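Student:
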Amino acid sequence: MDNNLELHINRTDKILDIFDRNTEEKLSLKPGRNWVGKMAETMIRLLNDEYNTNDLKLRCEILNMIYSAKIIEHDNYQIFGEKHNYCNTSSKYPLIFVHVPKTAGSSVNDVLEINNKRTGHKTLKEIQNNIDLDIYNKYTKFSIIRNPFDRMVSLYSYRIKNKDNWVSYGFPNKKRKEVTFEWWFWNFDIHLHMISSPPMQSMSCYDCLIDNTRELGVDYALRFEYLEEDWNNMFEVLDLKAPKLPNKNKSKHKHYSEYYNCSTGDVIKSFIEQRFHNDFKHFGYKFED
Numbered sequence: 004m005d006n007n008l009e010l011h012i013n014r015t016d017k018i019l020d021i022f023d024r025n026t027e028e029k030l031s032l033k034p035g036r037n038w039v040g041k042m043a044e045t046m047i048r049l050l051n052d053e054y055n056t057n058d059l060k061l062r063c064e065i066l067n068m069i070y071s072a073k074i075i076e077h078d079n080y081q082i083f084g085e086k087h088n089y090c091n092t093s094s095k096y097p098l099i100f101v102h103v104p105k106t107a108g109s110s111v112n113d114v115l116e117i118n119n120k121r122t123g124h125k126t127l128k129e130i131q132n133n134i135d136l137d138i139y140n141k142y143t144k145f146s147i148i149r150n151p152f153d154r155m156v157s158l159y160s161y162r163i164k165n166k167d168n169w170v171s172y173g174f175p176n177k178k179r180k181e182v183t184f185e186w187w188f189w190n191f192d193i194h195l196h197m198i199s200s201p202p203m204q205s206m207s208c209y210d211c212l213i214d215n216t217r218e219l220g221v222d223y224a225l226r227f228e229y230l231e232e233d234w235n236n237m238f239e240v241l242d243l244k245a246p247k248l249p250n251k252n253k254s255k256h257k258h259y260s261e262y263y264n265c266s267t268g269d270v271i272k273s274f275i276e277q278r279f280h281n282d283f284k285h286f287g288y289k290f291e292d
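Residues in the sequence shown are numbered consecutively from 4, following my numbering.
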């Protein structure tokens with residue numbers, strides 16, 4: 004990749020320079036809930052026109068831009084959007100659950116009797132900023148963490164089995180079961196609509212679990228790989244009877260390592276290592292065959 008191309012991708016002013024040269028595109032964007040996502044989508048189209056997006060390094064840079072834009076959009080909505088005071092609290096136990104996507108969270112919501120109004124993918128900082136401070140300080144806060152390589156494969160398996168995700172975004176339904184993990188991963192539209200929405204899907208577990216001090220703020224981080232054991236141990240320490248976890252929305256797939264045995268598998272692994280680096284740094288995850 005030449006130096007000019009790197010500047011265009013890595014420096015905001017250069018990217019915006021491309022955008023400014025397309026005033027019609029810029030003026031078509033309306034302020035609102037999804038304006039940052041729309042800007043990312045527009046930028047991808049413009050970059051597609053200017054550069055060869057078969058360049059894998061460039062494609063990784065564009066994917067990072069999608070994720071960053073979606074997270075900015077999400078944070079902006081949380082600051083200016085409607086506030087709630089019932090974020091992810093159990094009505095049965097003194098617990099607050101941070102539901103990281105693809106970590107068995109739906110099963111936890113059910114068994115803890117976190118009703119529909121209280122569920123959702125919210126970071127710990129969102130919960131902290133939207134809940135009664137007395138409840139936040141008194142309740143035990145926990146979450147479930149998972150190997151990022153496995154999380155991405157689980158998300159792929161879930162998405163290709165759910166036809167609503169494809170039809171609603173204009174993808175041919177008949178194609179979804181033929182889609183390989185590699186094709187799914189490198190498709191920009193997939194990232195815009197199926198990976199970066201909600202934004203927590205493209206965030207590391209660690210980043211979802213930091214509080215307003217930017218430190219890990221949960222009392223317990225249960226490992227998906229040893230969920231039953233960690234779940235029972237947490238309830239034992241809290242002197243509570245542990246309810247049995249059901250298997251809800253569980254996606255069936257081969258061991259995650261097999262999905263990276265493709266021509267661009269090493270590049271995909273490198274991208275995930277960089278994007279979710281805090282999970283590898285703080286929780287000790289690694290790629291295992």
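The beta carbon of each residue, even a glycine, is placed where N, CA and C say it ideally should be. Note that this is a predicted model, so its numbers are computed, not measured.
Report yes if the C-beta of Pro151 is less than 6 Å from at least one heavy atom of the ligand NAP; otherwise report no.
Tutor: The model depicted lacks the ligand NAP and carries no ligand whatsoever.
Student: Candidates Val103, Glu218, Pro246, Leu212: which alpha carbon is nearest Leu115's?
Tutor: Nearest option by C-alpha distance: Pro246.
Student: Would you say Gln131 and Tyr139 are within 7 Å of each other, going by their C-beta atoms?
Tutor: Taking 7 Å as the Cβ cut-off, Gln131 and Tyr139 qualify as a contacting pair.
Student: Going by Cα to Cα distance, which pick from Ser199, Lys60, Arg217, Gly108 is closest to Lys250?
Tutor: The amino acid occupying residue 250 in the given sequence is Asn; Lys does not appear at that position. The candidate whose alpha carbon is nearest that of Asn250 is Gly108.
Student: Alpha carbon to alpha carbon, how far is Glu64 from Leu230? Give it in angstroms, no decimals.
Tutor: Approximately 34 Å, taken between the alpha carbons.
Student: Taking all protein chains shown into account, decide if Thr126 is buried (16 or more other Cβ within 10 angstroms of its Cβ) or exposed.
Tutor: Answer is buried; the Cβ neighbour count reaches 16.
Student: Measuring alpha carbon to alpha carbon, tell me which of Met237, Glu181, Asn215, Thr216 ends up nearest Asp222.
Tutor: The option with the nearest alpha carbon to Asp222 is Met237.
Student: Below 7 Å between beta carbons: does that hold for Phe286 and Thr106?
Tutor: Cβ atoms of Phe286 and Thr106: not closer than 7 Å.
Student: Taking C-alpha atoms, which residue in Val111, Phe274, Glu181 lies nearest to Ser319?
Tutor: Residue 319 lies beyond the range of the chain shown here (4 to 292); nothing can be said about it.
Student: Is the beta carbon of Tyr288 less than 7 Å from the beta carbon of Val156?
Tutor: No, Cβ-Cβ distance for Tyr288 and Val156 is not below 7 Å.
Student: I'd like to know whether the C-beta atoms of Asp153 and Ser207 end up nearer to each other than 7 Å.
Tutor: Cβ atoms of Asp153 and Ser207: not closer than 7 Å.
Student: Determine the DSSP secondary structure at Thr26, reduced to helix, strand or coil.
Tutor: In this predicted model, Thr26 has a pLDDT of only 41, less than 50, meaning its place in the structure is not dependable enough to derive any value.
Student: Any beta carbon of chain B sitting closer than 7 Å to that of Tyr262?
Tutor: Absent from the structure: chain B. Only one protein chain is present.
Student: When we look at the beta-carbon of Glu129 and count the other beta-carbons within 10 Å, is it buried (16 or more) or exposed?
Tutor: Result: buried.
Student: Which whole-angstrom value is the C-beta distance of Ile147 and Val103, which I expect to be below 8 Å?
Tutor: So it is a contact: roughly 6 Å between Cβ atoms.
Student: With a 10 Å radius around its C-beta and 16 neighbouring C-beta atoms as the bar for buried, classify Arg14 as buried or exposed.
Tutor: Interpretation of Arg14 is limited by its pLDDT of 38, a score under 50 that renders its predicted location unreliable; the figure taken from the coordinates is listed afterwards. Per the 10 Å Cβ criterion, exposed.
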